[in-house]
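Position one of the sequence shown corresponds to residue 2 (my numbering), numbered consecutively onward. Every residue, glycine too, gets a C-beta built ideally from N, C-alpha and C.
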Amino acid sequence: MIKKNLYLCILLVCSLLWAIPSSAQEAQLKAVSFPKPAGFTSLSDNGLWATAEGTNEDDQSRYAYPYLINTETGDLTELWVEADLMKSVQAQDVTNDGKTIVGCYDNKPAYYDLDQKQWISLPSTYAGKATTVTPDGKYIAGWGNTDSFTDGAEGYIEIPLLWEKQSDGTYKSIDVYAELPNFPKTTKLGYNTNQVRIDNISADGNIIAGIINFITPATVCYYVYNKTTQECKYVDNALGNVPSQTFVDESTMSNNGRYLTGMVQVGGGEYISSYLYNTTDNTCTLYNQDSEEQDRGGSTVSNTGVVFACSPAVNPVRYSYVRVGSLWYGIDEILSGRYNMNFYERTGYDYTGTIQDVSDDEKVIVGMAEAKTKGYIIRLPETISEAASHVNPLSAYATSPVSGSKFAKFRQMTLAFSKSAGITSGVKAQLLDQTGKTVREYAITAQTGNKTFAIGGIPQSLNANEEYTIKVPAGAFYLLNDESIKSDEINVKYVGREEAPAKALQVAPADQANVSEISSDHPVQIAFDLSIAVADNAKAYLYKEGQTSPVCDLNIVQSAETVISLYPSLKRYLEKDEKYKVVVNAGSVTDIMGFCPNDEITINYNGAYEPEISSDGSLFADDFNDPSNSMVRYLLYEGDHNKPTSAMQNLGFDTDNTPWNFVIREDENSSDYCAASTSMYNPAGQSDDWMSLPRLSIENGDYYLSFDAQSYRTVKSDRLKVMILEDDAVYSNFTKELYNKFKANGKVIYDEQLTPGASEEGLSGDWTHVEKSLHDYAGKNVYIAFVNENNDQSIVFIDNVKVYYKGDFNFVPNVQTMQVNQTSTTVGAVVQVTSDKSYNSISATLTSADGTFKSTYTDTPSQPITSANTYSFTFPDKLPLTVGEENQYTISIDLGGTVYSQNGTISNLAFETTKHVVIEESTGQQCPNCPQGILAIENLENLYGDQIIPVAIHSSVIGTDQFAYEDYNSYFGITAQPTGVVNRIDSLYAPMYVDANQQYRFDSPEGNNTFYDITQRELNNFAIADVTIDKAVYDKNSGNVQIAGNVNYAMNMTSLNHNIAFVVLEDGLTGPQKNNLYAFDQSILGDFGKGGKYGSSIVVITFNDVARKVANDNFAGESGIIPVSVTAGQPVAFNKVFSMPENVTNWDNAKIVVMLLDANTERVINAARLKFSAGTTGIENATSSNDAISISTEDGMIYVNGGNELHVTVYDISGSAINQANSTTGSVKVSTGGKKGLFIVKATNDNTNVVKKVMVK
């Protein structure tokens, strides 16, 4: 992955540095995703056909899944039927006409006749396989073996096998040792091991290559036999002067039989190198001179001796290379440098893997990015050697700072090549001003590894907004492996900037936003006005309002060229109704040269985190299993400031900040946390550590406190004290004032010595459960504190703290919580008695949050209110509502003198919105249950039409998937298919419910398990905003897509933290799909069920709604589009331009999904979908030049001439305006800020409008 990332960086910087001939654009790169776990084994000599095979998914000891692949179309033909999977079946090679595929069937040598569509056994008395066939099918070769190791290795025999095609089309076995004189029987040392294989045969059948003694690597021996000369040569004998215990460990032959390559174990395994062996003159070249060659194994070789190799040699995660002349080129490097083709973007793979085979003409190549499933086919308009010859290895480089960066002073630039280079003696680089005058010369020095070089020295101030160039003269660098290859002139453009502090341009979440958490998943991001660097002494903190000590330190990580991300090591919640600020110290961020340090940056946030309300009506409940959550829920006080022992420090206790520790668990594999406080100090001392619940209102005498407790050491006497303080004041921190109140007025409700239970070593099973009535505090506001005042004892542990109502009745409000443009609404309640009591009267009040409205209900029913039936009522007065606001209310009910209250909220929308439900489902072609997802979505679309927006996230969770988007799937952490999220609610749901009798249904008995269940629930409420897409166009000229539209809120809202995500989908994709529904005769299963159109175990179907790309891979959405405050009915516009995803195969079948997300909860608020159409991405189509206005480029500048009142705007290819200029003289010179590449210039004068694409070099 390191290589990929480095090379992508180089591509990003240098994609326009290579000259790409138009004829070279004919190159093709096709990803091949095998439906079964298989990989390429061979390529026909003419490059038209390929073979593949794998191992049985249910029995790894059996070969299975032989394929024939048409390399021109990518079509796969399965060379097996279901019954064949009980046998071992292989496909090893194929003839030029694609009609004879050799391999094995039922563990015996065989060939597949494509015309007859069946496997035909070759004459042999042995098990084994056919490994190779001549392109005309005249000869087939391979080897046979005894069934088992009867007496260890000595009893195992391998026999070389050769067959010749007869005039009737059958094959006759040739007795190799009888008819081929001197065919080898012994190793290079003369040992006869009775183990000889044939692995390769030349196109004319004259050269045979293979292996002797395969099962003993140290004595393995590779041979080449010439039928004409009747000579046998051993490849090892041609290695020459090499360290002892060096041997050939793998070998493969070119189609014409002239060359071999493979792996050599040098020095008994000290390292691995590739080699090139010439069969005509028995010479061998070992490629082990460069350190990079010393872990590189040959994988195939062309007819001209071009070696393909992979590195690391035996690591499944590896990259492919080709040796042309004296140089190694990465396959990715050639594709990019010659054809402007990004291998990783085109295929979606992370590695180039291994080249398996190459055609006679060296223009067709097949490879595997990974050992199984992820293959690719490359078809070139020229040989790979010719392609490589057009790539100057020193034309691919990356610079830091990147070209176009702005800074006040130039200090140093680094230049990184992909290959080792040297510096030409005496050469220097120049810093030029915009007139071309040399400002200063700089030395060039090599950094570690001979690939990275520094250019710099004395800092040079730059004039603001003026362009400068670092010029490195042609020939300044030479390739170490071939000094004749020199670098071209290198020019890197920079722009001067005033020497002023780095300025924050954008903050996300925005200042004054409502924020529930700051974490690595939800960082604070700051974008600056220049390319930045993070200083060594950088510091950032999170503060709570009114506190001088920070809540925590924040890590500062540079996440983009101009962006830093801030987050704590441990997730921190920001409590609702509390104010916070993030402070970045002055000098933490500089320009990329280390100058222009920032002034202090302060960002203010309103806490938005609210602990989830317990479903049983608890006032407070905490199991401590989310330590970050627990940490902010309690008020903590450190009264002793004693130093914990080293053992306690190892648990996370310290002197000042952990009176109670929330990250204690039984062992590192446990997810069951608790809270703990220690009194183990050095020197010994007494604890004074407090942990208080926030202020709670105990409405009546039916509330209880419960918790679990235990201690640590048996020989110690740890006590736990619990105190209650009656106080109406609201404290957000445990202040000294609150401490003094507890000391003076607090009441002890629990003071007991704890026990460690049965064991000191563990926590589970040793808890003591405590429950205390809060009856005495009915009608009071209280603080409840857990206190550790032990002196030189051990540890007290607390878990499962809960304050809950356990009364004689309960109720639920009866009101519509979301309404549209109403001035008032009816409110009622449903009461349920939960005890054996009966009540003869009831009274209730309804009040508005501001206290301006009150309605009273009283009743003496004819029948007592008991648990036998519920009691429902409606308040006599309607609750006034404000349009576009959240309207809060309180219902209080009095039964028998016990009062119980609940608060509620009614959202009163300004207009009726249209709710859409987004279902993001993880699915896979190898997942046999995944057709359930197709059926579930079809059912929902039939019911709700366009209100359903499905997103099919294909992933290789189960086997491989040709449409896999693994990063998207990993974002949700989905490991089981088919499952998905509905509007990103924090649970995974199934598409269908299956009962114990294997009966399928779309809903579940519980009503909360399936897509249908949750979709129905989501559609019961309006969304708070509409999302509208006005424009979704793709522009093949610019290579971009543009999405424009708006979000119209139906509520007045402040302190928002909302993001927008953009997802490109594609319909009409075809491919195989496993299906385990074919055996079930149930109508609900439709075409996938028994007797249906797709009623078989593997079917080819059309996939729709396939996720192809999330813009910028921002799965959590993009911030900065939605402002902090919005007004109902005033739409917020968005306009997103990004690169066209290369994996979209047909843009006429593509569509965009735009999701409005709550950044605090990540839930979908609403969404919209629109089909793409062809168009231009925000800029008029480029037209030819008009005589009245001429546009040209020279020396990195754009020149426009023509007419009076000339107005010029320059756009980059994303459609963003980067510069403007006006002139009354008819002549304008416009800078692109040092950037190179394609730009669009729009020029207008009195009567002419011209738009032209130009290339700035």
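Excluding the 5 residues preceding and the 5 following T1055 in the sequence, name in chain order all residues of the same chain whose CB lies nearer than 6 Å to its CB. S1126
I'd like the span of the beta strand (DSSP E) that includes K494, first residue to last. 491–497
Here's the rule I'm using: 16 or more other beta-carbon atoms within 10 Å means buried, otherwise exposed. How should P394 be labelled? P394 comes out buried.
Go ahead and label A997 buried or exposed: buried means 16 or more other beta carbons lie within 10 angstroms of its beta carbon, across all protein chains shown. exposed
Below 8 Å on the Cβ atoms is my guess for T353 versus F344; work out the distance and round it to an integer in Å. 6 Å
Going by beta carbon distance, what residues of the same chain come within less than 7 Å of T284, once the five residues before and after it are set aside? A239
Pull up the distance between the alpha-carbon of T52 and that of G1121, whole angstroms please. 51 Å
Identify, in the order they occur along the chain, each residue of the same chain with its Cβ nearer than 7 Å to the Cβ of D1114, setting aside the five sequence neighbours on each side. D968
In terms of residues, what are the limits of the alpha helix (DSSP H) holding V177? 177–180
Between E27, G241, T78, N605, which lies nearest to A39 when the distance is taken from Cα to Cα? T78
For A937, name the three-state secondary structure that DSSP assigns. helix
Applying the criterion that 16 or more other CB atoms from any shown protein chain within 10 Å of the CB defines a buried residue, is I557 buried or exposed? buried
Do G457 and Q507 come within 8 Å of each other at the CB atom, strictly closer than that value? no
Given this structure, state the Cα-to-Cα distance separating V1048 from T1029, to the nearest angstrom. 6 Å
Go ahead and pull the three-state DSSP assignment for F1089. helix
Between G153 and the rest of its own chain, which residues show a CB-CB distance below 7 Å, the 5 nearest in sequence each way excluded? Residue placement at G153 is poorly supported in this model, since its pLDDT is 44, which falls under 50; the coordinates still yield a value, given next. If we look at G153 and ignore the five residues flanking it on each side, it has no Cβ neighbours.
If you draw a straight line from the alpha carbon of N1246 to that of L1070, how long is it in whole angstroms? 48 Å
Could I get the ranges of all uninterrupted beta strand (DSSP E) runs contained in the region 252–280, with 3 residues as the minimum, in chain order? 260–267, 272–279
What are the boundary residues of the alpha helix (DSSP H) that N970 is part of? 967–973
Exposed or buried, P313, counting other C-beta atoms within 10 Å across all chains shown (16 or more means buried)? exposed
Using a 10 Å radius around the Cβ and a threshold of 16 neighbouring Cβ atoms, would you call M1 buried or exposed? The first residue shown for the chain is 2 and the last is 1258, placing residue 1 beyond what the model contains.
Sort out for me which residues DSSP pairs T1103 with in a bridge. T1071
Quick one: Cα of Q290 to Cα of N256, how far? 27 Å
Please state whether DSSP places K582 in a helix, a strand or coil. strand
Roughly how many whole angstroms lie between the Cα atoms of V1257 and A131? Computed Cα separation, rounded: 57 Å.
According to DSSP, residues forming a beta bridge with K109: Y106
Since N1161 and S517 are thought to touch, with beta carbons under 8 Å apart, how far apart are those beta carbons, to the nearest angstrom? Contact between N1161 and S517 holds: CB atoms are separated by about 4 Å, below the 8 Å threshold.
Within 10 Å of its beta-carbon, does R324 have 16 or more other beta-carbons around it, so buried, or fewer, so exposed? Around the beta carbon of R324, 16 or more other beta carbons lie within 10 angstroms, which makes this residue buried.
Let me check understanding here. Comparing Cα to Cα, which of D777, E790, I565, T859 lies closest to D719? E790
Less than 8 Å between the CB atoms is what I'm expecting for I199 and G143, so what's the real figure, rounded? 6 Å
In whole angstroms, give me the CA-to-CA distance for E58 and L287. 39 Å
The alpha helix (DSSP H) that contains Q1017, what's its start and end? 1012–1019
DSSP three-state label for I471, please. strand
What does a CB cutoff of less than 8 Å around E1143 pick up in its chain, not counting 5 residues either side in sequence? N343, E346, R347
So does the region 631–643 actually touch the region 684–691, counting three or more Cβ pairs closer than 8 Å? yes
Return the CA-CA distance between D169 and K88, expressed in angstroms with no decimal places. 28 Å
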